[in-house]
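First up is the structure itself, then whatever we jot down about it.
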Amino acid sequence: MGERSLDSLVTHTMQPSLLRFFLTGIILFPALLIIVCALFALLLRDLPNSVQFQPTTNLSFLQILWQSNPWETIKLVFVDKPLVVIEHIDHATGTQVWAMFYYAGTLLMYLLVAALASLHWKNLKNSTAKQLVLFTAGAAAVLISFTYLQRAACCTSGHGWVLETWLLGKAYTPSLGSVNWIEIYQHLHPRLPVLQLGMLVSGMVILIRWHLSLSKMN
Numbered sequence: 097m098g099e100r101s102l103d104s105l106v107t108h109t110m111q112p113s114l115l116r117f118f119l120t121g122i123i124l125f126p127a128l129l130i131i132v133c134a135l136f137a138l139l140l141r142d143l144p145n146s147v148q149f150q151p152t153t154n155l156s157f158l159q160i161l162w163q164s165n166p167w168e169t170i171k172l173v174f175v176d177k178p179l180v181v182i183e184h185i186d187h188a189t190g191t192q193v194w195a196m197f198y199y200a201g202t203l204l205m206y207l208l209v210a211a212l213a214s215l216h217w218k219n220l221k222n223s224t225a226k227q228l229v230l231f232t233a234g235a236a237a238v239l240i241s242f243t244y245l246q247r248a249a250c251c252t253s254g255h256g257w258v259l260e261t262w263l264l265g266k267a268y269t270p271s272l273g274s275v276n277w278i279e280i281y282q283h284l285h286p287r288l289p290v291l292q293l294g295m296l297v298s299g300m301v302i303l304i305r306w307h308l309s310l311s312k313m314n
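Here you go:
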């Protein structure tokens with residue numbers, strides 16, 4: 097009887113916690129997408145007005161490819177191509193002004209950050225300013241390291257990592273200042289993959305520190 101009562105108590109205790117974890121995560125996941133996209137939209141000075149789920153745009157081709165090569169289809173959808181594209185279209189000309197590309201790996205990073213925040217949601221109200229700064233800095237570093245952007249003003253050949261696109265935009269924009277953005281871009285360009293990886297690793301380390309600091313509060 098005692099063991100059965102204990103199992104029942106654990107089950108009833110865990111169910112609300114798991115439900116709260118999943119519900120909070122479901123809310124935080126799109127919230128993070130909206131916040132990051134909105135921040136970049138403000139910097140680009142054009143709000144998004146189009147969202148595309150890429151697999152649906154080539155559904156007939158993917159169905160044919162699946163019949164002949166399922167693994168290549170999975171690779172194409174989840175590795176080679178973005179799943180979601182959020183963009184601003186100039187309706188007067190029909191051209192794409194800017195677009196943000198969300199690959200499966202990008203969405204997975206957003207999901208992991210949302211899950212981590214959901215796990216500690218109850219402790220956030222008791223967090224110190226330092227803990228909030230740690231989470232914000234870590235989440236920003238991780239998510240930005242997986243953000244890919246294309247701008248018609250500078251990047252007609254395709255999209256790239258957001259920092260590379262921003263530097264390229266600066267290089268293509270005439271400036272009256274003394275900063276030579278073309279020289280800066282040429283100097284940093286071969287080092288950008290290392291910088292991107294460093295930002296990802298740094299963000300993950302910061303989030304782990306944040307997680308450990310909040311775990312001590314439980």
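First residue of the sequence shown? That's 97 in the working numbering, and the numbers climb one at a time after it. Backbone N, C-alpha and C fix where the C-beta goes; we use that ideal spot for every residue, glycine too.
- Message: Under DSSP, the beta strand (DSSP E) around Thr191 begins and ends at which residues?
- Response: Your numbering for residue 191 matches position 95 in the sequence shown. Thr191 -> beta strand (DSSP E) spans Thr191 to Tyr198.
- Is the CB-CB distance between Pro178 and Phe197 below 8 Å? Taking the sequence shown and counting its residues from 1, the one referred to as residue 178 is at position 82. Taking the sequence shown and counting its residues from 1, the one referred to as residue 197 is at position 101. In this structure, Phe197 lies closer than 8 Å to Pro178 by Cβ.
- Measuring CB to CB, does Gly265 end up less than 8 Å from Cys250? Residue numbering aside, residue 265 sits at position 169 when the sequence shown is read from its first letter. Residue numbering aside, residue 250 sits at position 154 when the sequence shown is read from its first letter. In contact: Gly265 and Cys250 (Cβ atoms closer than 8 Å).
- Task: On the DSSP bridge assignment, give the partners of Leu242 in chain order.
- Result: Reading the sequence shown from its first residue, position 146 is the one you call residue 242. Note on identity: in this sequence residue 242 is Phe, with Leu being the wrong assignment. Beta-bridge pairing links Phe242 to no other residue.
- Is the stretch 239-250 touching the stretch 216-226, taking contact as three or more C-beta pairs under 8 Å? no
- First and last residue of the beta strand (DSSP E) that includes Val173? In the sequence shown, counting from the first residue as 1, residue 173 sits at position 77. No beta strand (DSSP E) holds Val173; DSSP gives it neither H nor E.
- Task: Output the boundary residues of the alpha helix (DSSP H) element that contains His307.
- Result: Numbered from 1 along the sequence shown, position 211 holds the residue referred to as residue 307. First-last of the alpha helix (DSSP H) with His307: Leu288 to Ser311.
- Straight-line Cα distance separating Gln163 from Arg305: Mapped onto the sequence shown, residue 305 falls at position 209. Mapped onto the sequence shown, residue 163 falls at position 67. The alpha-carbon atoms of Arg305 and Gln163 are separated by roughly 47 Å.
- Task: Please classify Ala156: is it buried, with 16 or more other beta-carbons within 10 angstroms of its beta-carbon, or exposed?
- Result: One-based indexing of the sequence shown puts residue 156 at position 60. Looking at the sequence shown, residue 156 is not Ala but Ser. Exposed, because fewer than 16 other Cβ atoms sit within 10 Å of the Cβ of Ser156.
- Message: Please report the distance separating the alpha-carbon of Ser309 from that of Val238.
- Response: Locating residue 309 in the sequence shown gives position 213, counting from the first residue. Locating residue 238 in the sequence shown gives position 142, counting from the first residue. When rounded, the distance between both Cα atoms is 19 Å.
- Query: Excluding the five sequence neighbours on either side, which residues of its own chain have a C-beta within less than 6 Å of the C-beta of Tyr199, listed in chain order?
  - Reply: Counting from one through the sequence shown, the residue named residue 199 turns up at place 103. Pro178.
- Task: Output the distance between the C-alpha atoms of Phe118 and Ser214, rounded to the nearest integer angstrom.
- Result: Here residue 118 refers to the residue found at position 22 of the sequence shown. Here residue 214 refers to the residue found at position 118 of the sequence shown. Their Cα atoms are separated by approximately 8 Å.
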